[in-house]
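Residue 119 in full-length UniProt numbering sits at position 119 of the sequence shown, and the numbers go up by one each step.
Worksheet: the structure to be examined is printed underneath.
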Amino acid sequence: MPSLSLLPTLSEATDQGVGGGGRRELKSVPFISYLSALQKSQLLSDDMVNGVEIRCEEKGSCPAGCHLTGEQPSPIPVLLEVSRVVPLYSLVQDNVTKEAFRSATMSSYWCAGKGDVIDNWCRCDLSAFSKDGLPNCSPLRQPILRLAPYLEPSSTMVALEWMDVEPLIGYKISDYIIQHKRVEDPSEAEVYTGEVLSLMDDLFSGLGSSCVVAGRRSGDHSHSVLYSVVFKCLEPDSLYKFTLYAVDSRGSHSESSFVSVRTSCPVVDDSRAEEIADKVYNLYNGYTSGKEQQMAYNTLMEIPPPLLFRVQHHYNSHYEKFGDFVWRSEDELGPRKANLILRRVEKISLYCRSLLRSTHIQSRTDTMAYVYCRSEEGRPPAANTWHGSLHDSRTIITYLPLLPSFERRS
């Protein structure tokens with residue numbers, strides 16, 4: 001007789017209606033599939049630690065004449081019936097053992113087995129302290145910074161977001177620190193640290209720059225929170241590096257997460273560029289007095305480099321037969337002043353230069369809805385307020401819906 005190999009299965013009993021006469025129908029799934037589903041559901045459940053009560057039954061054995069009877073018989077679990085999902089420690093009958101099992105299970109799940117769960121925090125063992133004297137039985141997780149999917153980076157605006165890493169039990173997040181800086185050359189050493197902002201002290205308090213605003217909303221699951229920060233006054237065609245780390249109430253810092261992004265090419269007023277090109281041609285045309293030379297020089301030095309590049313494009317498109325822009329500028333203003341003007345467009349990237357040479361340039365105005373958050377002390381609770389988990393309960397954070405607009409190349 002061939003050996004019998006059975007996979008344990010899970011049976012789910014369902015009661016039929018009146019028409020079924022109360023008959024119980026068993027629905028089976030492979031046990032390994034059930035365990036996999038249980039593990040996934042654990043992440044979405046409000047229960048702390050779940051287990052299952054399993055009943056195994058032996059359903060027969062090999063006949064006496066089977067050549068396998070010489071081996072030691074063992075029970076074959078052909079039916080695993082789950083009556084209900086319960087915490088593992090509730091299956092223990094003895095109260096002392098049950099409490100010890102519960103404490104050990106909670107410690108293992110929330111405190112890495114190096115401390116005890118007290119209310120909603122971990123009291124670490126004496127051996128669970130880092131070199132700097134801070135408890136580390138509940139390690140601080142790294143927040144993952146990412147570009148916000150609802151807003152494509154524009155020439156001046158970038159939106160970032162991250163999920164809150166505070167667990168239900170364990171450490172408490174007191175703040176998030178976000179740093180941003182413009183990177184001139186990625187190969188250079190990182191000497192310049194950029195601007196460092198506290199989510200609570202700078203952004204939610206309203207004391208920081210109006211160019212950076214923060215928001216908060218609930219995540220896809222219960223107890224999950226999504227934070228977002230919008231930077232509104234960035235330089236076009238520039239590489240920025242954003243860095244984020246969390247700070248807990250014990251003073252520990254998480255590992256940093258960073259995002260590097262280049263803002264899109266600048267938006268230029270093409271009609272104005274063409275008007276300036278005509279103005280410069282008229283100033284250069286014929287005999288040019290010192291006053292007209294200075295007026296042309298001031299005009300070309302005051303406009304932004306992208307607009308200057310577009311002025312040069314229109315000048316050469318309309319008046320190159322009288323001499324191109326570079327030659328006429330050197331002839332009218334002299335090599336030194338002409339060089340000062342032309343050097344201003346050197347920092348424009350090759351990609352943006354190719355776009356600025358387009359026959360036509362159009363722009364459109366987009367809007368983005370977001371919630372601006374601000375903390376205030378001493379205000380009474382209202383319908384449009386929530387208490388921030390980053391601070392004590394006396395701090396009230398109000399949110400204000402805003403709808404800013406910004407230009408984008410189309």
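Beta carbons: idealized from backbone N, C-alpha and C, even for Gly.
Self-check item: Inter-residue Cα distance where the pair is Ser130 and Cys137
Solution: A direct Cα-Cα distance of roughly 9 Å separates Ser130 from Cys137.
Quiz item: Would you call Gln312 buried or exposed, if buried means 16 or more other Cβ atoms sit within 10 Å of its Cβ?
Solution: With 16 or more Cβ atoms within 10 Å of its Cβ, Gln312 is classed as buried.
Practice problem: Have a look at Phe322 and Pro266 and give me their C-alpha separation to the nearest angstrom. | Solution: When rounded, the distance between both Cα atoms is 30 Å.
Quiz item: Do you know how far the Cα of Tyr287 is from the Cα of Glu195?
Solution: Glu195 and Tyr287: Cα-Cα distance of roughly 50 Å.
Quiz item: Thr243 lies in the beta strand (DSSP E); which residues open and close that run?
Solution: Residues 239-248.
Quiz item: Count the other CB atoms within 10 Å of the CB of residue 445; is the residue buried (16 or more) or exposed (fewer)?
Solution: No answer is possible for residue 445: it lies beyond the span of the chain, which begins at 1 and ends at 410.
Quiz item: Along the chain, where does the alpha helix (DSSP H) that runs through Lys232 open and close?
Solution: No alpha helix (DSSP H) contains Lys232, which DSSP labels as neither H nor E.
Exercise. Leaving aside the five residues before and after Val280 along the sequence, list all residues of the same chain whose C-beta is less than 6 Å from its C-beta, in chain order.
Key: The answer, listed in chain order, is Ala296.
Quiz item: Apart from the five residues on each side of it in sequence, which residues of its chain come closer than 8 Å, Cβ to Cβ, to Arg250?
Solution: Scanning its chain for C-beta atoms nearer than 8 Å, with the 5 sequence neighbours on each side dropped, one finds around Arg250 the residues Leu134, Pro135, Tyr171, in chain order.
Exercise. Could you check the C-alpha separation between Pro167 and Val229 for me, to the nearest Å?
Key: Approximately 22 Å, taken between the alpha carbons.
Quiz prompt | Option in Ala246, Val183, Val326 with minimal Cα separation from Trp162 | solution = Looking from the CA of Trp162, the closest CA among Ala246, Val183, Val326 belongs to Ala246.
Self-check item: Residue environment, Arg272, which counts as buried when at least 16 other CB atoms sit within 10 Å
Solution: It counts as exposed.
Self-check item: Nearest neighbour of Ser154, chosen from Phe325, Asp116, Val261 [CA to CA]
Solution: Of Phe325, Asp116, Val261, the residue nearest in Cα terms is Val261.
Quiz item: Candidates Pro149, Ser174, Ala148, Val212: which alpha carbon is nearest residue 414's?
Solution: Not covered by the structure: residue 414. The range shown for the chain is 1 to 410.
Quiz prompt | Phe242 versus Val259: straight-line alpha-carbon distance, rounded | solution = Roughly 5 Å between the two C-alpha positions.
Self-check item: Cβ-based neighbour list, Leu283, same chain, cut-off 7 Å, excluding 5 preceding and 5 following
Solution: Closer than 7 Å at Cβ, skipping near neighbours: Glu292, Met295, Ala296.
Quiz prompt | Residue(s) in a DSSP beta bridge with Asp175 | solution = Its beta-bridge partners are Val247.
Quiz item: So, Ser103 versus Asp119, is the Cβ gap smaller than 8 Å?
Solution: Ser103 is not a Cβ neighbour of Asp119, given a cutoff of 8 Å.
Self-check item: Reference Pro305, options Leu203, Asp237, Arg328, closest by Cα
Solution: Selected option, being the one with the closest Cα: Asp237.
Quiz item: Leaving out five residues before and five after Arg146 in sequence, what residues of the same chain have Cβ atoms less than 8 Å from its Cβ?
Solution: Shown here for Arg146: same chain residues with a beta carbon closer than 8 Å to its own, the five before and five after excluded, namely Leu160, Glu161, Trp162, Val259 in chain order.
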